[in-house]
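K.L.:
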Amino acid sequence: MTETQFTPRVFSGIQPSGNLHLGNYLGALKRFVDMQGPEFQTVYCMVDLHAITVWQDPDRLREKTREVCAGFIAAGLNPEKSILFNQSQVPEHTQLAWIFNCIARIGWMQRMTQFKDKAGKNAQNASLGLFAYPALMAADILVYHATHVPVGEDQKQHLELTRDIAIKFNHDYGVDFFPVTEPVIGGPAPRVMNLRDGSRKMSSSDPSDMTRINMTDDADAIAKKIRKAKTDPDALPSEVDGLEDRPEARNLVNIYAALSDQTAAQVLAEVGGKQFGEFKPMLAELAVSKLSPISSEMARLMGEEAEIDQILARGAERARAIAAPILQQTYEIVGMVGAGRS
Ligand code: TYM
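So the sequence shown is numbered by the numbering used here: it starts at 3 and just counts up by one.
Listed below in structure tokens is the structure:
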């Protein structure tokens, strides 16, 4: 019943709650594409059940779920090679999440910085779902026995909690059943910052659209946002050390590096000494050349709603084929009568 060998399997998810932006792309999506290949089975999810932990308009949620799916495909995920689906079509996620609600401790949840940030001052009025969110996230990952989870840096604490849940479950039931998942946080831009304030991360919830580059922005919008991005008056340094205490400069260099598949050091070797007046147009040109093909393909796919829905339904079927037996084995371990009959 217990497994000790785990298939190398990647799982990750994106909330369909706002615009897909450059942070999602460089911290997550581009890296999802890089991991698609013979080394791993890749499973990627639009986490609609996570999105409703804060209020979502139903029609907009449907539209954004399809838009994220279009973004996945436009960025290079192949629905034959990767399993693409929306979370609510695979009920095993929430079934395992309940078990994990009984494993995770309230004290662990109270330490989650994202809950504190999102709940804000009025935490008593936040939904119970927002508080329990990291247990559902652990279930998303572990219901596939995923071994690798590519995410941006802001998800690190949630992945540590996923490891804690796996370890405590295995310990409490005396099994070696859930893998202790590897977070895959990396690349030159694991935390893309707000274009107007280098101390805050780029986010779809910021009220100002000028703080982020959306994956649906056209070339003019991208160029304008980069031109207006906050910088400092100094020239770019030739080495990475010179970016210390220059968060806005570091952010633009990291974005350039991630878009051009280089390290920040390689970029600075090329552009060190240049003023922003010269560097920003280079960055804008690079960003437009990498992002425009994605946004036009996204727009085309958004016109193919039936095709998107079919991809999600087929992906959900394939996902369930992996998740259902793992959930059944979990039920058996936990002592649920009737587990393993279906
Ligand atoms: P979400 O929807 O906020 O973000 C999706 C992915 O994009 C990354 N990301 C960023 N990376 C770099 N710079 C930024 N400014 C930036 N903003 C967002 C996130 O780190 C993430 O990888 N809880 C998750 C979704 C989730 C999930 C999962 C992820 C649910 N279940 C299981 C992995 C595995 C979230 O809210 O991501």
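The beta-carbon is built from N, C-alpha and C at its ideal position, and this holds for glycine as well. Fair warning: this is a prediction, and the values are worked out from it, not measured in the lab.
(1) Does the region 21-31 come within contact of the region 87-107, defined as at least 3 CB pairs closer than 8 Å?
(2) Got a sec? Which residues, its chain only, sit under 6 Å from Ala-318 by beta carbon, not counting five neighbours each side?
(3) So what does Pro-185 bridge to, in DSSP terms?
(4) Going by CA-CA distance only, name the one from Gln-89, Asn-21, Thr-149, Ile-310 that's closest to Arg-62.
(5) Mind checking which residues open and close the beta strand (DSSP E) that includes Met-48?
(6) Would you decide whether Ile-75 is buried or exposed? Buried here means 16 or more other CB atoms lie within 10 Å of its CB.
(7) Using C-beta distances below 6 Å, list every residue in its chain close to Glu-299, excluding the 5 sequence neighbours before and after it, in chain order.
(8) Quick check: does the Cβ of Met-217 come within less than 7 Å of any heavy atom belonging to the ligand GTP?
(9) Do Thr-213 and Leu-197 have their beta-carbon atoms positioned less than 8 Å apart in this structure?
(10) By Cβ distance below 8 Å, which residues in the same chain neighbour Asn-172 in space, the five residues on each side in sequence not counted?
(11) Once you ignore the five residues that flank Ala-53 on each side, which residues in its own chain have a CB closer than 7 Å to its CB?
(12) Please check the pair Arg-11 and Gln-43, which I expect to be a contact at CB under 8 Å, by giving their CB distance rounded to whole angstroms.
(13) To the nearest angstrom, how far is the alpha carbon of Gly-279 from that of Asp-174?
(14) Between Asp-61 and the ligand TYM, is the CB less than 7 Å from at least one heavy atom?
(15) Please report the straight-line C-alpha distance between Gly-122 and Ala-137, rounded to a whole angstrom.
(16) If you follow the beta strand (DSSP E) that Leu-86 is in, where does it begin and where does it stop?
(17) Compare the beta carbon distance of Leu-144 and Thr-164 with 8 Å and say whether it is the shorter of the two.
(18) Identify which residue in Ile-167, Thr-96, Val-56, Asp-119 has its Cα closest to the Cα of Ile-108.
(19) Could you pull the DSSP bridge partners for Arg-11 from this structure?
(20) Whose C-beta lies closer than 6 Å to the C-beta of Val-255 among residues of the same chain, with five residues either side of it excluded?
(21) Going by DSSP, what residues sit across from Asp-199 in a beta bridge?
(22) Quick check: is any heavy atom of the ligand TYM less than 7 Å from the C-beta of Ser-297?
(23) What is the DSSP secondary structure of Asn-216, counted as helix, strand or coil?
(24) Could you check which residue in Ser-262, Lys-282, Ala-225 has the C-alpha nearest to that of Glu-250?
(25) Does the distance from the CB of Val-182 to the CB of Gly-29 come in under 8 Å?
(26) Just the C-alpha distance for Tyr-135 and Pro-60, rounded to the nearest angstrom, thanks.
(27) Find out if the Cβ-Cβ distance for the pair Ala-259, Pro-190 is shorter than 8 Å.
P.N.:
Let me lay it out:
(1) Fewer than three pairs of CB atoms, one per stretch, sit closer than 8 Å, so the region 21-31 makes no contact with the region 87-107.
(2) In the sequence shown, counting from the first residue as 1, residue 318 sits at position 316. Cβ neighbours of Ala-318 within its own chain (closer than 6 Å, five residues either side excluded): Phe-87, Gln-91, Val-92.
(3) What you label residue 185 is simply residue 183 of the sequence shown in a count that begins at 1. In DSSP, Pro-185 forms a bridge with Val-151.
(4) Position 60 of the sequence shown, counted from the first residue, corresponds to residue 62. Nearest C-alpha to Arg-62: Asn-21.
(5) Numbered from its first residue, the sequence shown carries residue 48 at position 46. It spans 43-48 - the beta strand (DSSP E) in which Met-48 sits, taken as one unbroken run.
(6) Here the question's residue 75 lines up with position 73 in the sequence shown. The residue is buried, with at least 16 neighbouring Cβ atoms inside 10 Å.
(7) On the sequence shown, residue 299 is found 297 positions in, with the first residue counted as 1. The residues are Ala-76.
(8) You won't find the ligand GTP in this model; what it holds is the ligand TYM.
(9) Within the sequence shown, numbered from 1, the residue matching residue 197 stands at position 195. Within the sequence shown, numbered from 1, the residue matching residue 213 stands at position 211. Cβ distance < 8 Å, so Leu-197 and Thr-213 count as in contact.
(10) If you number the sequence shown from 1, residue 172 lands on position 170. In the same chain as Asn-172, and ignoring 5 residues on each side of it, the C-beta atoms closer than 8 Å to its own belong to Asp-178, Phe-179, Phe-180, in chain order.
(11) Along the sequence shown, read from residue 1 onward, the residue named residue 53 stands at position 51. When the five nearest sequence neighbours on each side are left out, the beta carbons in the same chain lying within less than 7 Å of the beta carbon of Ala-53 are those of Gln-17, Pro-18, Ser-19, Leu-63, in order along the chain.
(12) Sequence index remark: in the sequence shown, residue 11 carries index 9 (1-based). Sequence index remark: in the sequence shown, residue 43 carries index 41 (1-based). Indeed they touch by this definition, with Cβ atoms about 5 Å apart.
(13) Locating residue 279 in the sequence shown gives position 277, where the first residue counts as 1. Locating residue 174 in the sequence shown gives position 172, where the first residue counts as 1. In a straight line, the C-alpha of Gly-279 is about 59 Å away from that of Asp-174.
(14) Counted from its first residue, the sequence shown places residue 61 at position 59. Result no, Cβ not under 7 Å from the ligand TYM.
(15) On the sequence shown, residue 122 is found 120 positions in, with the first residue counted as 1. On the sequence shown, residue 137 is found 135 positions in, with the first residue counted as 1. About 20 Å.
(16) One-based indexing of the sequence shown puts residue 86 at position 84. Taken as a continuous stretch (DSSP letters only), the beta strand (DSSP E) holding Leu-86 covers 84-88.
(17) Looking up residue 144 in the sequence shown gives position 142. Looking up residue 164 in the sequence shown gives position 162. Against a cut-off of 8 Å, the Cβ pair of Thr-164 and Leu-144 comes out as a contact.
(18) Along the sequence shown, one-based indexing puts residue 108 at 106. Here the closest residue by C-alpha is Ile-167.
(19) Translated into positions along the sequence shown, residue 11 becomes position 9. Its beta-bridge partners are Gln-43.
(20) Counting from 1 along the sequence shown, the entry for residue 255 is found at position 253. Around Val-255: Ala-266, Val-269.
(21) Locating residue 199 in the sequence shown gives position 197, where the first residue counts as 1. Answer is Asn-196.
(22) As a position in the sequence shown, residue 297 is number 295, starting the count at 1. No.
(23) In the sequence shown, the residue the question calls residue 216 occupies position 214. Strand at Asn-216.
(24) Here residue 250 refers to the residue found at position 248 of the sequence shown. Checking every option, the nearest Cα to that of Glu-250 belongs to Lys-282.
(25) By 1-based counting over the sequence shown, the position of residue 182 is 180. By 1-based counting over the sequence shown, the position of residue 29 is 27. Cβ distance not < 8 Å, so Val-182 and Gly-29 don't count as in contact.
(26) Within the sequence shown, residue 135 is the residue found at index 133, counting from 1. Within the sequence shown, residue 60 is the residue found at index 58, counting from 1. If you take the alpha carbons of Tyr-135 and Pro-60, they lie about 19 Å apart.
(27) By 1-based counting over the sequence shown, the position of residue 259 is 257. By 1-based counting over the sequence shown, the position of residue 190 is 188. In this structure, Pro-190 lies closer than 8 Å to Ala-259 by Cβ.
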